[in-house]
Amino acid sequence: TNPASDLELKLPATIGTANQVLRNSSTAGTLEFGGPLAFFVKLNSGQAMADNTWVKIEWDNEDIDTDNAFDSSTNYRFTVPANKGGIYWFNSHIRIDNGNGAIRNAYLRFYKNGSGFSPYVYSDEFESHNRYQVIMDSSMLMNLNAGDYIEVYALSDTSAGSLTCNNGQSWFQGYKLGG
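Note that the numbering used here has the sequence shown beginning at 259, numbered continuously upward.
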């Protein structure tokens with residue numbers, strides 16, 4: 259006998275909406291409608307940064323959050339929803355400004371569950387050529403479980419003046435690739 263010929267699937271009781279696809283649900287033998295889990299967040303305004311200190315970027319403006327998985331009001335992080343564990347792709351792009359042209363170095367790092375997860379994914383040492391701004395970009399694949407959370411931290415060192423994470427050129431985005 260062919261086990262595939264004995265397979266039964268239960269269809270959803272409702273009709274899906276635009277941009278949804280029929281997919282396996284978390285219950286064996288049933289299907290559900292859903293779209294890709296994705297988010298895109300940015301800053302409403304520039305964020306002041308302490309000198310030479312790891313600072314969590316406070317993403318407070320959600321453009322896309324398909325599963326309400328991004329907290330843009332208190333923790334500023336993405337949390338994997340229940341039954342949505344799997345492989346995720348993340349990207350963060352950050353611009354740090356200093357009006358004195360005194361940025362000496364800068365780093366960008368993903369944190370998983372409160373601890374530095376990735377190596378210093380970008381660093382640039384320019385002791386002899388200080389900068390007015392630094393642009394950093396990093397992407398990473400992660401295998402995550404329900405309840406895991408991801409945050410973005412940055413560190414920059416200046417010899418004079420203040421540091422600001424620029425709201426016009428900084429963002430954090432991610433989506434689920436698969437189970």
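Each residue gets a CB set at the ideal place from its N, CA and C atoms; glycine is no exception.
Check                                                                                                       : Outcome
K422 burial status per 10 Å Cβ neighbour count (16 or more: buried)                                         : In the sequence under discussion, the amino acid at residue 422 is Thr, which differs from the Lys named in the question. Flag for T422 reads buried.
Residues near K300 by beta carbon distance below 8 Å, same chain, minus five either side                    : W317, N319, D321, N425, S428, W429, F430
Contact between the segment 392 to 400 and the segment 341 to 357 (3+ Cβ pairs under 8 Å)                   : yes
Between the CA atoms of S414 and V338 - distance to the nearest angstrom                                    : 29 Å
Whole runs of the beta strand (DSSP E) within the segment 327 to 384, excluding any shorter than 3 residues : 335 to 337, 344 to 355, 361 to 370, 380 to 383
As assigned by DSSP and simplified to three states, the class of L399                                       : strand
Cβ contact (3+ pairs, closer than 8 Å) linking the segment 367 to 376 and the segment 322 to 329            : no
Among S331, A286, I315, the one whose alpha carbon lies nearest that of Q305                                : I315
Same chain, Cβ closer than 6 Å to T288, neighbours up to 5 away in sequence not counted                     : K268
Unbroken stretches of the beta strand (DSSP E), 3 residues or longer, contained in the segment 400 to 425   : 407 to 416, 421 to 423
Minimum C-alpha distance to A308 - residue among D329, G432, A412, K434                                     : A412
The ligand SAM heavy atom lying under 6 Å from the CB of A327                                               : The ligand content of the structure shown is nil, which means the ligand SAM is not present either.
Residue range of the unbroken beta strand (DSSP E) whose run includes Y390                                  : Where Y390 is concerned, there is no enclosing beta strand (DSSP E), given that its DSSP letter is neither H nor E.
Pair within 7 Å by beta-carbon distance, R362 and S417                                                      : yes
Delimiting residues of the beta strand (DSSP E) encompassing W429                                           : 429 to 436
Assigned secondary structure, L269 (DSSP; H/G/I helix, E/B strand, else coil)                               : coil
Beta carbon of Y365 nearer than 7 Å to that of L402                                                         : no
6 Å Cβ shell around K434 - same chain, five flanking residues per side excluded                             : L295, G344, Y346
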